[in-house]
Structure formats: structure tokens, C-alpha cells
Amino acid sequence: MTKQTVLGRVTQLAKANINALLDQAEDPKEMLDQLIRDYTDNISDSEEAVAATIGNLRLLEQDQREDVDAANAWGTKALAVSRRADEKRATGSVAEADRFDNLAKVALQRQLQSEKEAEAAEPVIAAQTEVVEPLKAGLIQMKAKLAELSAERDELAARAKAAQAHTRMLDAVKSVNLLDPTSELSRFEDKVRREEARAMGKQELAASSLDAQFEQLDRGDEAEIEARFAALKARGQ
């Protein structure tokens, strides 16, 4: 994945309008699940690409610092051997002086080469830096979007469960028809009425038994009366 591709993809996903996408979706939860998968995959791929881009930038910066340090070191060496050449020439050692001057020129050549390499790296480093910062910012935004998507999905799932529970409750309420004689309430009322009828039957049965007892008592008094009447007749004779 090239820098341009990574930057374009990260920018596109980071700026995605989630609400607009959900409004256009036939199944919002399915859309959210797919978006979460896309963001997760792209974040993983982008992190690898951005890490490689940052790594290359740091290597370029390190190489440039080494070129700058090398240029400074060669400049120091050129100055040192140039002074030795002047010292040798002052003592009449012309051959030695020329040798040191040649070394100074070699050092200056190396210095110039290192400076050119450091200078050539500057626009590349600037371009890489210009790309890296938006990539890092885009990744942060993508991760924020992913968190937003996850929250949206969890909220949607909770709302769906609540709606299903509400639907089940309404179905349960509809299944209980209070005007239906076969409903629970009617069956309970019938049961109460049967209990009341049974109690009335027992009460009537108990009353019948009591009347019979009183009839027996009445028949017992009649026998006593007959006995006394017979005794009365006997005294009269």
C-alpha cells in the first residue's frame, strides 16, 4: 500500500458520515457490523503502512544527520591537514606540504559530497513529514470513528432488544381477553361460583337434617302425650 493510497483511504474513512450511511441502509445493524469490520481491517493495514512510512522518515532523518556530521568532520580534517601543510612549507618541507594540501583537498571533496547528500535529503524528508502527520491524525480519527460505530451498534442492539420485549408484552396482553368466558378471569369466576354453590348445598343439607331431628322430637312428644292420655283414662275408670 503506497503512501498516497494510505493517505487517501485514511482520509476517506476518517471523514465518513456515519449517520448518512445509516440513513441509506436497509438494515442499519448489518451496515454497522460491516463498517466496523471495514474500519478494523483498514486501521490494522493503515497502522502497518503508517508505521513503515514513519520508519522510513526516521531513517532518512538519521542518514541526513550522519551526512551533516560527516561534512563537519571532513571540514575539521581539511582544516587540520591544511595547517600541517602550512607548517611544513614554513620549515621548507615543500613535498610534505604538498602532500598535506592534497589530503586537505580530498577532505574538502568528501565534505562537499556529504553536504550535497544532506541537502538532497531535505525535500524528501519534508515531503515524508507532510504525509506522516495527516496519516497519524487520520488514524486517530479512524479509531474514534470505530469507537463511535461500536457505540452506535450497541445502542441499536439494545433498542432492538427493548422493542422485541415490548412486542412480546403486547402479544401477551392481547392473548388475555377479559370478555372471553374461556379466559383466566372467567374460569376463576366459574370456580368461585361452583364453590359458592357447593357451600349452599351443604347448608341446605344441614338444614334438612336439622328439620328431621325436630320432627323426631315432635314424634317423641306425641308418644308421651298418648301415654299420659291413656293413664288419665285409666284413673277415670
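Count along the sequence shown from 1, add 928, and you get the number used in this note's numbering. The beta carbon of each residue, even a glycine, is placed where N, CA and C say it ideally should be.
Assumed close pair residue i, residue j - CB separation to whole angstroms, cut-off 8 Å
i	j	result
W1002	R1038	4 Å
L988	I1053	5 Å
I971	L1074	7 Å
V1009	L1031	4 Å
D991	A1048	10 Å between Cβ atoms; not a contact.
E1043	L960	Contact flag wrong, Cβ pair sits at about 56 Å.
Which of helix, strand or coil DSSP assigns to residue i
i	result
R1156	helix
R1163	helix
Q1131	helix
beta-carbon residue i near the ligand NAD non-hydrogen atom, thresh 7 Å
i	result
S1010	With respect to the ligand NAD, the structure shown offers nothing to examine, as it has no ligands at all.
Of the listed residues the options, nearest to residue i (C-alpha basis)
i	options	result
V996	E1045, M1070 and G1020	E1045
L1040	R1012, E1015 and K1005	K1005
G1066	S1078, R1126, A977 and E1083	A977
A980	Q1056, R965 and E1047	Q1056
V1034	A999, G1020, E975 and R1163	A999
D966	M1097, M1070, R1156 and V1120	M1070
L1063	S974, L1160, E958 and A1155	S974
T968	A1072, A1093 and E1015	A1072
L1007	R986, R1122, G1020 and L1036	L1036
D1051	E1015, L985 and R1011	In the sequence as displayed, the identity of residue 1051 is Pro instead of Asp. It is L985 whose Cα lies nearest to the Cα of P1051.
query: Hey, which unbroken runs of the alpha helix (DSSP H) at 4 residues or more fall wholly within the region 1019-1087?
result: DSSP runs (the alpha helix (DSSP H)) wholly in the region 1019-1087: none.
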